[in-house]
Amino acid sequence: MKKLGLRTRLLRTLTTATRLLPSDISDWTKAMLLEADDVSGTGEFVSWISGTFTTACRMLVSNTFRQPTAARPLELTLSALYLGGFASFVAVRVSFEILTFRIPSLWGHAWISACWCLALALASFSVAIATWFRRSYGRRLAIAYAAVQIVAVIAMDGRTQNALAILLKLSTPTAIIAAMCSPRVKTAFRNRSNDSGPDLPAPLSQSGS
Amino acid sequence: MRLTAQTLLVLAALLGDPGEWRYGYDLSRETGLKSGCLYPILIRLNERGWLQSKWRHDENQKPRHMYRLTALGQRMGRQTVNSPKALARLKPVAEQGGMA
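Each protein sequence line maps, in turn, to chains C and G.
So the first sequence is numbered by the working numbering: it starts at 1 and just counts up by one.
So the second sequence is numbered by the working numbering: it starts at 1 and just counts up by one.
The structure is reproduced here in C-alpha cells:
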C-alpha cells in the first residue's frame with residue numbers, strides 16, 4: 001500500500017474540514033486546497049496554505065457582515081483574527097473558571113499575566129476595528145466604541161472568580177459589535193452622523209493584496 | 001470603476017485567451033500573484049458576473065476549479081485593461097516580474 005506524504009495527508013484533512021464551511025466558501029476553499037497539491041517547494045506551499053486560510057477567513061467575515069468579499073481586506077482579516085481571538089479567549093477563560101472552581105490552587109500570577117497579554121492583543125485589534133468603524137459609522141460612534149472596549153479590557157483584571165460576571169463583561173463588547181454590524185443600525189447611524197469618515201469606496205477598488 | 005494593478009493583471013491574463021478555461025495555480029504562475037491575493041480577486045470578479053467558474057472532473061486527474069471570463073467580463077476587461085490609466089499602472093508591475 002502506497003504511503004501518503006505529510007503534505008498529501010494535511011491537504012486531505014483540510015479538504016475534508018471544508019465540509020464544515022458554508023457551501024460557497026467551502027467550494028472556493030476546496031479549489032484552493034486542490035491547487036496546493038501542484039505547488040512546489042515547502043515555502044511556496046506554506047504561503048499557498050496561509051493564503052487559503054486568510055481567504056476563507058475573509059469570506060466568513062464578509063458573509064457575517066454581509067459585505068462584498070474582501071472589499072476591505074485588511075480590516076476584514078483583522079476583524080476575523082479579532083473575533084477568533086476573542087472566541088478562543090472566552091472559551092479558555094470559561095474553562096479555566098470551571099477548573100479553578102474545582103481546584104482553587106490553580107489560580108496564580110502566571111494566569112493573570114497571560115490575561116493581560118491577551119487583553120493587550122485584543123486592544124491592538126480593537127484599534128483596527130475602530131478604524132473600520134470610523135469609516136463605516138463616523139468618528140463619534142467609533143470613539144464611543146473604543147472607550148467601551150478599553151473599559152471592557154481593563155475590567156478583565158483576572159481576579160473575578162465568578163464565571164457569570166466574566167461572561168457579562170465579555171459579552172458587552174460582543175453585543176456592541178453584533179449591534180453595529182446590523183445593517184439597520186449602520187444605516188440609521190450613517191444617516192444621523194454629520195462627521196462621518198470617507199464613504200465606502202467602489203468594491204473592486206481595494207484588491208486583496 | 002477603479003481597479004487595482006493586481007486585478008488588472010488577472011484580467012489581462014484571462015484576456016490572453018478568453019475562451020479558454022484556466023485554473024488557479026496556472027493563473028498564479030502567470031501573474032506572479034500568491035493565493036491570498038489571487039483568489040479574493042477571482043471571487044469578486046465571479047460575484048460581479050465578470051467570471052464564470054466550473055469544476056472539471058476528468059478521469060485519472062484530480063478535480064479542478066476552472067475559470068474564464070463571461071461576455072460581460074471580456075467587454076469590461078478589455079475596456080479597463082486597455083485604458084491609458086490601466087496601462088500606466090500595469091507597467092511597473094510587469095517590470096517587477098509580476099506578469100510572467
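Just so it is clear, CB atoms sit at the ideal spot from N, CA and C, and this is done for glycine as well.
Would residue i count as contacting chain G if we go by Cβ distances under 8 Å?
i, result
"residue 5/C", "no"
"residue 46/C", "no"
"residue 58/C", "yes"
"residue 50/C", "yes"
"residue 11/C", "no"
"residue 34/C", "yes"
"residue 42/C", "no"
"residue 16/C", "no"
"residue 8/C", "no"
"residue 113/C", "Only weak support exists for where residue 113/C lies, its pLDDT of 49 falling under 50; the value from the coordinates is given anyway. No, because no Cβ of chain G sits closer than 8 Å to the Cβ of residue 113/C."
Check whether the Cβ of residue i lies closer than 8 Å to any Cβ atom in chain C.
i, result
"residue 14/G", "no"
"residue 58/G", "no"
"residue 24/G", "yes"
"residue 83/G", "no"
"residue 18/G", "no"
"residue 36/G", "yes"
"residue 62/G", "yes"
Does DSSP classify residue i as helix, strand or coil?
i, result
"residue 102/G", "The structure shown does not extend to residue 102/G, since chain G is modelled only from 1 through 100, so no value can be given for it."
"residue 3/G", "coil"
"residue 21/C", "coil"
"residue 10/G", "helix"
For the alpha helix (DSSP H) that contains residue i, what are its first and last residues?
i, result
"residue 12/C", "6-17"
"residue 74/G", "71-81"
Assuming residue i and residue j are in contact, meaning their beta carbons sit under 8 Å apart, how far apart are those beta carbons, in whole angstroms?
i, j, result
"residue 27/G", "residue 50/G", "14 Å between Cβ atoms; not a contact."
"residue 24/G", "residue 39/G", "7 Å"
"residue 48/C", "residue 31/C", "Not a contact, Cβ separation roughly 12 Å."
"residue 10/G", "residue 41/G", "5 Å"
"residue 36/G", "residue 55/C", "6 Å"
"residue 63/G", "residue 34/C", "6 Å"
"residue 5/G", "residue 78/G", "The Cβ separation is near 17 Å, so there is no contact."
In chain A, which residues lie with their C-beta within 7 Å of the C-beta of residue i?
i, result
"residue 31/C", "Given the protein chain composition of this structure (C and G), no chain A is represented."
Is the closest heavy atom of the ligand ZN to the C-beta of residue i under 7 Å?
i, result
"residue 29/C", "This structure lacks the ligand ZN, and indeed carries no ligand of any kind."
Original post:
In chain order, which alpha helix (DSSP H) runs of at least 4 residues are fully inside the region 19-47 of chain G?
Top reply: Listed in chain order, they are 24-31 and 35-47.
Original post:
Residue ranges of each alpha helix (DSSP H) run of no fewer than 4 residues wholly in the region 20-60 of chain C, ordered along the chain?
Top reply: 23-36
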